[in-house]
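Protein chains in written order, with our numbering: chain A, 1 to 208; chain B, 209 to 442.
In what follows, a structure is listed as structure tokens, so that the remarks can point back to it.
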């Protein structure tokens, strides 16, 4: 037993507090928007928008209105638009309270790798390096292991880094960790996962 | 002070040359200067370096200049949507300098503001920082990034008045203002040119001081990923 994608997104949504300005990455992080409930959350899209709305109805797509994943979206009454330099100014300047994003690897020092695999097709980091360096709190949502069953929660990342010492909290399908002095601290185990199972599946040093 | 030109070819007359650095606005295919890119293709200039967040797709945007091998180097943050790009890059025909997206935007903005370099914490401890000066402010490390001073800016806006004041629309603004600011000459394509006084002076997104040449034209405005939600049942 473990959390599925939607349960991971629902767990990540618990990290958000009323009034926060938040940037959600592509994949499971995008699903977090479905679970914020009554909380007043303003979503930032780093291509130049605060107050991102849902996908449009068919026939109402606007080529001038897309999110950072290049998908058509809609605006809300609170929406504001701005240019890319201003957008990353608010990111780099720490005005965005949190970013929730995916990862290929994360390690016990809070290092994050999510933008390239050497020797494979390289697409680029987009805004990920700016986000992890700038926002108030970095929350990673990822599968705990790769398809071979190896831990992606490591002592030390092997892939090129997106950011060094930037991750605050890690949410996987098996549980939740905080990055603390000396390693990772278990915050909770996923439904049906014992602490022993969580420890066994994790390469990183677990403290406390 | 004549800024309005008849078409993209005339607006680029005398400003294009081989081996130049061009800053282009747009994010994905949203807000890209599609008419000016087409005219650059027709001109045949080559060995171009583009500072642009993305490289278009195979048959639209900067992608059309990759097909004709007119591009020597890209300075971009994300190039994932373009197969021809990958082929040229992996075969060594095309140079690529990855910049974090916010660093790229700020390098353009900074140059446009006369700032040749700035320190940022984006990329500290990653391969982006390799070879760059590191400076410590208040106990935290920052790396030095340099402004992009382009030979030419090509951008897309929604409306311009004949003096070059620009208004953008929704997320099509994106990289267009910083790209416009950082070039020696800035050429803009818009959907509509209006007379001075028709745009609200309090709502000009980029003042005409940055804009040298303007054209009006019909835009395809292609959507990269049409994504919709089902209508609720009545």
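Cβ atoms here follow ideal geometry from the backbone N, Cα and C, with glycine treated the same way.
Remember, predicted model here, so these are calculated numbers, not experimental data.
{"Query": "Tell me whether residue 275 of chain B sits in a helix, a strand or coil according to DSSP, three-state version.", "Result": "helix"}
{"Query": "Give me, in chain order, the residues of the same chain whose beta-carbon lies closer than 6 Å to that of residue 363 of chain B; leave out the 5 immediate sequence neighbours on both sides.", "Result": "233, 241, 384, 387, 388 and 396"}
{"Query": "So is the beta-carbon of residue 368 of chain B under 7 Å away from any non-hydrogen atom of the ligand NAD?", "Result": "With respect to the ligand NAD, the structure offers nothing, as it holds no ligand at all."}
{"Query": "Along chain A, in chain order, which residues have C-beta atoms closer than 9 Å to that of residue 344 of chain B?", "Result": "None at all; the shortest Cβ gap to chain A is about 15 Å."}
{"Query": "Using a C-beta to C-beta distance shorter than 7 Å, which residues of chain A count as neighbours of residue 336 of chain B?", "Result": "129"}
{"Query": "Within its chain, find whatever has a CB closer than 6 Å to the CB of residue 190 of chain B; leave out the 5 residues flanking it on each side and keep chain order.", "Result": "This structure does not reach residue 190 of chain B, given that chain B is present from 209 up to 442, and the question cannot be answered."}
{"Query": "Pull up the distance between the alpha-carbon of residue 163 of chain A and that of residue 297 of chain B, whole angstroms please.", "Result": "25 Å"}
{"Query": "Name, please, each residue of chain A whose Cβ falls closer than 8 Å to the Cβ of residue 299 of chain B.", "Result": "Neighbours of residue 299 of chain B on chain A: none; closest Cβ ~13 Å, over 8 Å."}
{"Query": "Measuring only the C-alpha atoms, how far is residue 64 of chain A from residue 149 of chain A?", "Result": "42 Å"}
{"Query": "Please give the ranges of any beta strand (DSSP E) in the stretch 303-339 of chain B, keeping only runs that are unbroken, at least 3 residues long and fully inside the region.", "Result": "303-306 and 325-328"}
{"Query": "Please list, in chain order, the chain A residues whose beta carbon lies closer than 7 Å to that of residue 257 of chain B.", "Result": "Going along chain A, no residue has its Cβ under 7 Å from residue 257 of chain B, so there is no contact; the nearest lies around 17 Å."}
{"Query": "Name the chain B residues whose beta carbon is nearer than 7 Å to that of residue 125 of chain A?", "Result": "285, 306 and 308"}
{"Query": "For residue 206 of chain A, tell me which candidate among A/69, A/98, A/109 and A/43 has the shortest Cα-Cα distance.", "Result": "A/109"}
{"Query": "Quick check on residue 224 of chain B: does DSSP put it in helix, strand or coil?", "Result": "coil"}
{"Query": "Check whether the Cβ of residue 172 of chain A lies closer than 8 Å to any Cβ atom in chain B.", "Result": "no"}
{"Query": "In the DSSP assignment, find the alpha helix (DSSP H) that holds residue 297 of chain B and state where it starts and stops.", "Result": "291-298"}
{"Query": "Since residue 342 of chain B sits in a beta bridge, which residues does DSSP pair it with?", "Result": "B/351"}
{"Query": "Against chain B, does residue 58 of chain A count as a neighbour if the rule is that its beta carbon must be under 8 Å from one of theirs?", "Result": "yes"}
{"Query": "On the CB-based measure, 16 or more other CB atoms within 10 Å of its CB, does residue 208 of chain A come out buried or exposed?", "Result": "exposed"}
{"Query": "From which residue to which residue does the beta strand (DSSP E) around residue 367 of chain B run?", "Result": "358-369"}
{"Query": "Is it buried or exposed for residue 323 of chain B, if we count other Cβ within 10 angstroms and need 16 for buried?", "Result": "exposed"}
{"Query": "Please list, in chain order, all residues of the same chain as residue 391 of chain B whose beta carbon is under 7 Å from its beta carbon, the five residues on each side excluded.", "Result": "231, 358, 359, 360 and 361"}
{"Query": "Measuring CB atoms only, is the stretch 324-344 of chain B touching the stretch 123-138 of chain A, in the sense that at least three cross pairs come out at less than 8 Å?", "Result": "yes"}
{"Query": "For the alpha helix (DSSP H) holding residue 86 of chain A, just list the boundary residues, first then last.", "Result": "84-92"}
{"Query": "Kindly say whether residue 76 of chain A, judged by its beta-carbon, lies nearer than 8 Å to any beta-carbon of chain B.", "Result": "no"}
{"Query": "Between which two residues does the alpha helix (DSSP H) harbouring residue 248 of chain B extend?", "Result": "242-251"}
{"Query": "Shortest alpha-carbon distance to residue 419 of chain B belongs to which of B/225, B/439, B/295 and B/372?", "Result": "B/372"}
{"Query": "Just curious, the beta strand (DSSP E) that residue 23 of chain A is in, first and last residue?", "Result": "21-24"}
{"Query": "For the alpha helix (DSSP H) holding residue 217 of chain B, just list the boundary residues, first then last.", "Result": "216-219"}
{"Query": "Between the Cα of residue 136 of chain A and those of A/10, A/15 and A/11, spot the shortest distance and give me the residue it belongs to.", "Result": "A/15"}
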